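Some notes on the structure that comes next.
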Amino acid sequence: MLGGTFDPPHWGHLWLAELARVQLKLDQVLFLPVGEPVHKIGQQITAVSHRLQMVSLAIRNKPNFVLDTTDCDRPPPHSTVTLLPLLCQAHANAKFWLLIGGDSLQDLPTWNQPEQLIAQCRLGVLLRPGVEIDWAYLETAVPGSKTAVDTLIGPTLSISATAIRNWVRQGHEPNYLVPTAVSDYIQRNQLYREKTANP
Ligand code: ATP
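In this text, residue positions in the sequence shown follow the working numbering: the first is 18, and each later residue adds one.
See below:
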């Protein structure tokens, strides 16, 4: 499970998915765009229809990467702990990892029922530069979290969707930060430009 806002999907997401696919020997990585991210309430988010299209373009021709709309098709509130049982129903007998960057791991104590979450799945984590994980704090706040983590090993890409949106807003093109098809989509639909941002 790779949940995210994907506003837009970028190479950092794909790299996280690919490292996890190889190192955790995953059959599939489910890309799960969230409808209304609980941690981004109050922020302007691009329409889910655009984000779904961009994720499809980002993962096209990659048979192990699958767009899953379970999360954005259901009514809010959206949280991973309530999403997981739905995915377990759809993929009987599957073992699940939640794939996250180190920034998300650091926020784990603020998630909805984190202890219940890690009782149901493991965490595949790619630590991101500039984010130091306070393992002692994490373990105190969410007992069991340290041993629930499988750390992914590899180079990291220090790009974020926020940085890409800002870059485009300043009038630049997002080439080489996102797959070409996503970059073309952003330009064709004038996403993230000052006047038409977040249509
Ligand atoms: P934003 O900047 O809008 O918060 P984001 O780039 O962090 O977005 P999200 O869609 O919010 O992307 O993140 C989905 C997941 O992907 C999160 O767990 C996040 O940590 C992870 N992620 C995002 N960018 C990277 C990256 N460059 N390397 C590793 N993981 C990443």
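Idealized CB from N, CA, C, for every residue including glycine. Model, not experiment: these values are computed from the prediction.
Residue i, buried or exposed, once every other Cβ within 10 Å from all chains shown has been counted against 16
i, result
"Gly21", "buried"
"Tyr202", "buried"
"Arg182", "buried"
"Pro131", "buried"
"Pro80", "exposed"
"Gln207", "exposed"
"Asp90", "exposed"
"Thr197", "exposed"
"Ala75", "buried"
"Gln187", "exposed"
"Val39", "exposed"
Residue i, DSSP secondary structure in three states
i, result
"Gly119", "helix"
"Gly20", "strand"
"Leu208", "coil"
"Thr303", "Past the edges of the chain, shown from 18 to 216, lies residue 303, and the structure says nothing about it."
"Val185", "helix"
"Val195", "strand"
"Val83", "strand"
"Val46", "strand"
"Val65", "helix"
"Asp88", "helix"
"Gly52", "coil"
"Ile203", "helix"
"Glu149", "coil"
Spatially closest choice to residue i from the options, by CA coordinates
i, options, result
"Arg68", "Thr164, Lys112, Trp184 and Phe23", "Phe23"
"Ala178", "Met71, Val39 and Gln40", "Met71"
"His30", "Ile135, Ala198, His189 and Leu143", "Leu143"
"Ala120", "Gly171, Ser175, Tyr209 and Leu101", "Sequence check: residue 120 is Asp here, not Ala. That would be Ser175, whose Cα lies nearest to the Cα of Asp120."
"Tyr193", "Pro146, Leu19 and Pro26", "Pro26"
"Glu149", "Asp124, His189 and Ala158", "Asp124"
Near the ligand ZN: residue i beta-carbon under 6 Å from a heavy atom
i, result
"Gly118", "For the structure depicted, the ligand ZN is absent and the ligand set comprises only the ligand ATP."
- So does the segment 44-54 actually touch the segment 80-94, counting three or more Cβ pairs closer than 8 Å? These segments touch.
- Query: Does the segment 161-169 come within contact of the segment 136-147, defined as at least 3 CB pairs closer than 8 Å?
  - Reply: Between the segment 161-169 and the segment 136-147 there are three or more C-beta pairs closer than 8 Å, enough to call the two in contact.
- Task: Tell me the start and end of each unbroken beta strand (DSSP E) in the segment 93-146 that is at least 3 residues and wholly inside, in chain order.
- Result: DSSP runs (the beta strand (DSSP E)) wholly in the segment 93-146: 114-118 and 139-143.
- Counting pairs of Cβ atoms below 8 Å between the segment 119-129 and the segment 88-101, do you hit three or more? Yes, since at least three Cβ pairs between the segment 119-129 and the segment 88-101 fall closer than 8 Å, the two stretches touch.
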